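Per this note's numbering, the sequence shown starts with residue 49, numbered consecutively. Even glycine gets a Cβ: it sits at the ideal position worked out from N, Cα and C. It should be emphasised that the depicted structure is a prediction, and the values quoted were computed from it without experimental measurement.
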Amino acid sequence: MIYDSEAGNISIALTGDTMLSRRLTPFTEAPYLAIKDILEGADAAFTNLEGTVRAPEDGTQDPTEGTPMTIPPSLLDDLKWMGVNMVSTANNHVTDFGQDGLLASLRHVEAAGLVHSGSGAHLTAAQKPGYLDTKGGRVALLSANSFFKPWNRASPHGPDLKGRPGVNIIGYNETHTLPEDAFADLSAIDQGLGFDKDIARRRQGFFSDKEVGGAGNSEITFLGKKFVEGDGFAVDTFINGMDEADNLRWISEARRQSDWVVFSLHCHAYSQRGADTAANAADMEELADFARAFARRAIDAGVDVFVCHGPHISLGVEVYEGKPIFYSLGNFIFQNDTVTSVPVESFSRFDLDHLATPADFLDARSDGGKKGFGAHENYWHSIFSLCRFADGKLDGVELYPLDLGFGLSRSQRG
């Protein structure tokens, strides 16, 4: 053995969602610096960079019901100071300022020297891995997002048209199962309101069958959702087969071109298990079935570490075939409430006029702190992980708790 990187020993640190709007460097408290020490000491340190890295002139606002998440480019140096060296840009906030904002964000991330994956100027650029060279070997990072608007999806180059900038998307479909009597009632409503006739007319237009939805006695498309008759009530999710095949193909590429493969999935979809008792999203218990099934298939295809984020709460950890799956690490840096600019369209959602300020919007959105993220403690307690591999095999998974300041003011928490 000539180089240590051949030994199959590496440490990979993994964090969840980073929504960054304030400096990270001023703090000197020992517990805080201990986090930095762990991340800096790892060979690879990952986070989901959830926002658009942009200067004021970069991009144009995209309609959003969430936080229009601007990350000032200068804060990438703070993220590197913290020890992070690879990031996912596959999430729903990288497109908050349109395609131009996305491309600007990638330019800023590149200029900062951060390895990244998950979005790009066209589909191949969004799907292909980013590579980080470490003393423990070459690490490939692939990233995808399953919470998106149709126009956020990167498209491929064609023979005479260039592809669309966007995100590497892993889409999915839902099927809602109803018992016989409920299905008959829904069918009567569908016919009584004329929705079935509308679908029939759409089928005669410029739409594919899969876009229009089912027809006949066994399947109903009602208000955009698919319903079938079965035993009891159930909601099942199914991955988009083309998206899955594309991403498995790139996993194969990464497996052959690197020593270690990390796959990052941004997902907001939950399983229905536990939904009956969850008072809000912070009480949900596990990701949707399609995401959990894909995580295992990704490991079968060659992934060493699979990490999910997006729910903003911590969910379960599984070791599958000797490889860790993190179903959500929650928040790492959660400063979405200290953005300095908010589109006027966001003001109007809460009956505010164009003279409103970001603080006015944030107060109205949270009903004075009584709802949303700030009202639920689960969003402010999370974890990050350090995975150690020795001789090419998982040697340990360390989990570290994070307290992000539930109950503190917006300027202090996160």
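Between L150 and E105, the alpha-carbon positions lie close to 13 Å from each other. In the same chain as A188, and ignoring 5 residues on each side of it, the C-beta atoms closer than 6 Å to its own belong to P177, Y179, A302, S306, V309, in chain order. In the assembly as shown, M290 is an exposed residue. Its beta-carbon has fewer than 16 other beta-carbons within 10 Å.
Here the alpha carbons of V260 and Q252 stand approximately 10 Å from one another.
For F270, the uninterrupted beta strand (DSSP E) run begins and ends at 267-270, by DSSP.
The alpha-carbon separation between Q320 and F275 amounts to approximately 16 Å. Distance between T388 and A407, taken at the CA atoms: about 9 Å.
For the pair S312 and S136, the CB atoms are nearer than the 8 Å cut-off.
With contacts defined as CB atoms closer than 8 Å, S69 and T386 qualify as a contacting pair. Taking C-beta separations shorter than 7 Å and ignoring five residues to either side along the sequence, the partners of F437 in its chain run G56, N57, I58, D443, following chain order.
V215 counts as buried, since no fewer than 16 other beta carbons sit within 10 angstroms of its beta carbon.
With the rule of 3 Cβ pairs closer than 8 Å, the segment 141-157 counts as touching the segment 107-118. One alpha carbon belongs to V132, the other to F432, and they sit about 12 Å apart.
Using a Cβ-Cβ distance cut-off of 8 Å, the segment 282-289 and the segment 223-233 are in contact, since at least three pairs of beta carbons, one from each stretch, lie closer than that value. DSSP places N288 in the coil class of the three-state scheme, outside both helix and strand. In the structure shown, P372 falls within a strand segment according to DSSP collapsed to helix, strand and coil. Restricting attention to L154, F231, Q383, T182, the CA atom closest to the CA of D52 is found in T182.
DSSP lists I373 as the bridge partner or partners of E366. DSSP places I381 inside the beta strand (DSSP E), whose first and last residues are 379-382.
A straight-line Cα-Cα distance of about 14 Å links G64 and N426. The C-beta separation of A341 from I361 comes to about 21 Å, leaving the pair out of contact by the 8 Å criterion. Going by DSSP, K84 is part of no beta strand (DSSP E) but of the alpha helix (DSSP H) stretching over 78-89.
Of the other Cβ atoms in all chains shown, 16 or more fall within 10 Å of the Cβ of F231; this residue is therefore buried. By the 16-neighbour rule on beta-carbons within 10 angstroms, M49 is exposed.
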